[in-house]
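Participant:
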Amino acid sequence: MSAKRLAPQKTSPDLYRAVIQVDSLIRRSELDPKLMELVKIRASQINGCGFCLDMHIQAARKLGEDQRRLDVLAGWRETDLFTSAEKAALAWTESVTRIDQAGADDAAYERLRQHFDEKATVDLTILIGLINLFNRLAISMRYMVA
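In my numbering, the protein residues as written are 9 to 154.
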């Protein structure tokens, strides 16, 4: 892989600040901080973003997330380590991250709505979109794990 490319925060500071502001607003939402990190990690696994994986796995650990759950997150369907609400959020994360494949699957949406109210559903969807944006920035600009 080639060396780091452009630094969005320096090259386009106004737009980057706006993205960071959205991130800050999501962090203040009613979504559980551990769940937000699980969602960020799962989307980053799908997208293959090592930089974001490193960042969000560390953040999850700081929040007290169990290492065993982090170890099996990619196989969340095959374990009882996650709650039904977390599984619904992870299914929605996969559906929105892979939107080209299923177009935000109706079954995943219905499952999500069983656990999350309207605001939480929208906040979660924005979070998923945002981590996908961060993954794309990190991968395309060649952010490296230091």
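All C-beta atoms in this analysis are idealised placements derived from N, C-alpha and C, irrespective of residue type, glycine included. Keep in mind it's a predicted model, so treat the numbers as computed, not measured.
Is DSSP giving M149 helix, strand or coil here?
Facilitator: M149: coil per DSSP, three-state reduction.
Participant: Going residue by residue through the region 59-112, where are the continuous alpha helix (DSSP H) segments of at least 4 residues, counting only ones entirely within it?
Facilitator: Listed in chain order, the complete alpha helix (DSSP H) runs (minimum 4 residues) inside the region 59-112 are 75-79, 92-105 and 107-110.
Participant: Specify, as a first and last residue, the run of the alpha helix (DSSP H) that E45 falls within.
Facilitator: E45 -> alpha helix (DSSP H) spans P41 to N55.
Participant: Please classify L61: is it buried, with 16 or more other beta-carbons within 10 angstroms of its beta-carbon, or exposed?
Facilitator: L61 is buried by the Cβ-count criterion.
Participant: Please state whether DSSP places F124 in a helix, a strand or coil.
Facilitator: Note: F124 maps to coil in three-state DSSP.
Participant: Pairing CB atoms from the region 41-48 with CB atoms from the region 65-84, are three or more of them under 8 Å?
Facilitator: The region 41-48 vs the region 65-84: in contact.
Participant: So which of I65, E126, L135 and G83 has the shortest CA-CA distance to V27?
Facilitator: For V27, the nearest C-alpha among the options comes from L135.
Participant: Rounded C-beta distance between R121 and T129? I'm assuming under 8 Å.
Facilitator: Yes, R121 and T129 are in contact; Cβ-Cβ is about 6 Å, under 8 Å.
Participant: From L39 to T101, what distance separates their C-alpha atoms?
Facilitator: Using only the alpha carbons, I get a separation of about 14 Å.
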